[in-house]
Amino acid sequence: MTNLIKSNFKIFFRSLYLSVPLLIFFIILNGYLGVGIRNLTIHKDALFYLQYSQRISVIYFIFFTFISYEYLIKSKNSNLLESISVLNKGTLKLYFSKLIVLVAIILIMTLNIFAYNFIVYIVMKVHSTSFLLHIILNNLLNIFLVSIFAICIGSTISLYFKRFSAYALMILSVILISPISERVPYILHMGYNIDIYFLREPFNILPPNLNWESEYLYGLSIEPYRWNLIAFWISFLAFLMILKLSKRKYKSLNVISIILLIFSLGNFYGYTKPGSILKKDYNPKNFTAFDEIYYSDDVQKEEKALFKISEYDMKLNINRQLENDIIIHLNEKEPQKTYKFTLYRNYKIKKVLGKNNETLEYKRDGDYLEVINPTNNKLNEIRIVYSGSSPVFYSNYQGVLLPGYFPYYPTEGYKRVYIKENSRFVPVIRDYTVKFNISLKSNLDIASNLNKHGSKLSGQAQEVTLMGGFLKEKPIKDNIVYELLLNKMDTNVLSHIDNNINSYNKILSSNYKFTIKSKKIFQAPTTLLNRVAYDGIAYFKDHIIIPGLDANVLSLDLIQSNLLKNIKKKQISDMLFEYILDKDSFTDKKRFEEMPKEMFEDPFYQIDYLFLEKINKLGGDYVIKNSYKFLIDENDKRDAMTFVKDLK
């Protein structure tokens, strides 16, 4: 067998139509990776380079699909096949030895990419074994296994089809698996409301999110479902190859083929249960469109609860997705007929129980849960068992992003959680503290605003923030900062925030006391910047969530995020703080002069223009103080247009 492998290595490298394309591919690959190294002077980002290097996965797939076909079809046209087929399992050994040659070449080409990533890892001084493992797993999945899948396609086609049909199938395979085919379901869905994404997804072998902004907490996508999918295809194609080669002569091969078939079906089942994933594409079930489409209709409600929550007991398990068994201790002045909660709609409820484990009837309507009291007595506590995920606020083996303002556990009353005009989530934060006791199971080291003792989290807080992934704990004076390992923020800005806030409070004539001293500080990852109002910034009594901005912007955003209680007043809030931050830019009339006339028919721009007129007429200080009073007065229910018109 060893001699056969050596012989096939010689055949490969002596065949110019095989070795020359490999040499060209090798040169282009290293040139591409070298350009990425040179660009490190601009990006200075190890994750960006990893993302850059994985984009060539599609080229690996195309190259090894065609080269494996040409290499294996050579066996049919050479005297070697005829001479060796008379030996025991000769044909099988020949094909197997050729596959070993291809796998060895793929291994070398994979190590080539890994070497560049490792150099960047060293140069950028990442110093994280978890990120080094992330690099290894990405290259294993996106380069090595994708290439193995490619040779399985080429090999299987070489056994079953003649050249013309074979090339037609290989071209079809490339089209189906490459990003080219992603446009077809998008066009059909947007233009004709026809959803064929479920037909495209099983061919989505290549790494996702590579052309989107890096998610520094999460890294690149290596969720279990992707391993399941590629394992399904490789084992299924291997089953077809063995079926063709064995010709039912060999019992051992028949057993192996059955095992491969069962293994492939098991992995396909695993693929159909993806759990929580971060997939940034235009599939209506994924990151970009899932919430935007749902909240475009008038589905949100607002209703204050007639009770409070005194304590939560949670058994929280995070694996492929979030699973929670939660007991809610109620603070009721009097018995309620129903108890209303807000819980993100994609968490599916399994059961709702009372204090004595009796089943309680409930109604689920989107983000809203209504539990029915079967008696005239206080319920005292409600137990809810549920599981699920959000395409934005992920919770799985790879990363956890569950900010306290996102309703991943039930919060009292009906709350608006999304601003459809801005396609962003709005923070939901209660104004009093609750006792939390959480038993947490996760393979990740989860950071939280609560006190942590092993797998137990406990403490008194408004809400609970959980973050896990590429995160590093860093004590700074009176604060504990949880910063992104791969995109560290400038922590020097923290020392200026309190002074800046005091200065802005004077401008607003505000007596509000605000300080970040003794608070835990969480650096907001990309998802929060793009999908949550105010760049994901939030102020809690015991912690804050902030991006890496300059001190002035950050200070204003913290005041604004804490100030706004009614999202219907958001436009006034946005205009007010935009004016405070840069008065010259805001009062520049050129931004309206260059605006098309049709835009002035939009009430949004009418309010903006009228607000500027009031500043010019009444003075900036007057408008600032009255706008601030309007925002903090929860009893003032005027809309934005009415408020601006009433300024006199």
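Under this note's numbering, the residue at position 61 of the sequence shown is numbered 64, and the numbers go up by one with no gaps.
Built from N, CA and C at the ideal position, the CB exists for glycine as well.
The distance from the Cβ of residue 317 to that of residue 442 is about 7 angstroms, consistent with a contact at the 8 angstroms cut-off. Proximity to residue 561 across 179, 171, 516 peaks at 516, based on C-alpha coordinates. Taking every protein chain shown into account, the CB of residue 607 has fewer than 16 other CB atoms within 10 angstroms, so this residue is exposed.
The C-alpha of residue 28 is placed about 44 angstroms away from the C-alpha of residue 494. The Cβ atoms of residue 281 and residue 290 sit closer than 8 angstroms to each other. Beta-bridge pairing by DSSP links residue 193 to no other residue.
The count of Cβ pairs closer than 8 angstroms, one atom from the region 371-380 and one from the region 256-268, stays below three, leaving the stretches out of contact.
Under DSSP, residue 642 forms no beta bridge with any residue. The Cβ atoms of residue 422 and residue 429 lie closer than 8 angstroms to each other. Distance from the Cα of residue 469 is smallest, within the candidate group 502, 436, 412, for 412.
The Cβ neighbour count for residue 173, taken over all protein chains shown within 10 Å, is at least 16; the residue is labelled buried. For residue 314, the secondary structure class from DSSP, reduced to helix, strand or coil, is strand.
In terms of Cα proximity to residue 22, the closest of 260, 71, 210, 54 is 71. In the structure shown, residue 483 adopts extended strand secondary structure according to DSSP, grouped into three states.
With a contact defined as Cβ atoms closer than 8 angstroms, residue 277 and residue 228 qualify at about 4 angstroms. At a Cβ-Cβ threshold of 8 angstroms, residue 8 and residue 104 count as neighbours. By the C-beta density criterion, residue 463 is exposed, having fewer than 16 other C-beta atoms within 10 angstroms. Residue 399 sits in coil when the DSSP states are folded into three classes, being neither helix nor strand. By the beta-carbon neighbour count (other beta carbons within 10 angstroms, threshold 16), residue 139 is exposed.
Three or more Cβ pairs drawn from the region 231-242 and the region 140-158 lie within less than 8 angstroms of each other, which places the two stretches in contact. Unbroken alpha helix (DSSP H) runs of no fewer than 4 residues, entirely contained in the region 200-260, are found at 200-203, 227-249, following chain order. Rounded to the nearest whole angstrom, the CA to CA distance from residue 576 to residue 632 is 11 angstroms. Taking 8 angstroms as the cut-off, the Cβ atoms of residue 306 and residue 343 count as close. Between residue 630 and residue 579 a beta carbon distance of about 5 angstroms is seen, short of the 8 angstroms cut, so the two are scored as contacting. Contact check for residue 221 against residue 397 passes: the beta carbons are separated by less than 8 angstroms. Taking the CA atoms as reference points, residue 121 sits about 8 angstroms from residue 135. Around the CB of residue 125, fewer than 16 other CB atoms lie within 10 Å, so the residue is classed as exposed. Counting only residues of its own chain and dropping the five nearest sequence neighbours on each side, residue 100 has a CB closer than 6 angstroms to the CB of 7, 8, 11. Residue 498 sits in a helix when the DSSP states are folded into three classes. Burial of residue 137 is indicated by the presence of at least 16 other C-beta atoms within 10 angstroms of its C-beta. Of all alpha-carbon atoms in 574, 565, 496, the one lying nearest the alpha-carbon of residue 425 is that of 574. Here residue 595 is exposed: its Cβ has fewer than 16 other Cβ atoms, across all protein chains shown, within 10 Å.
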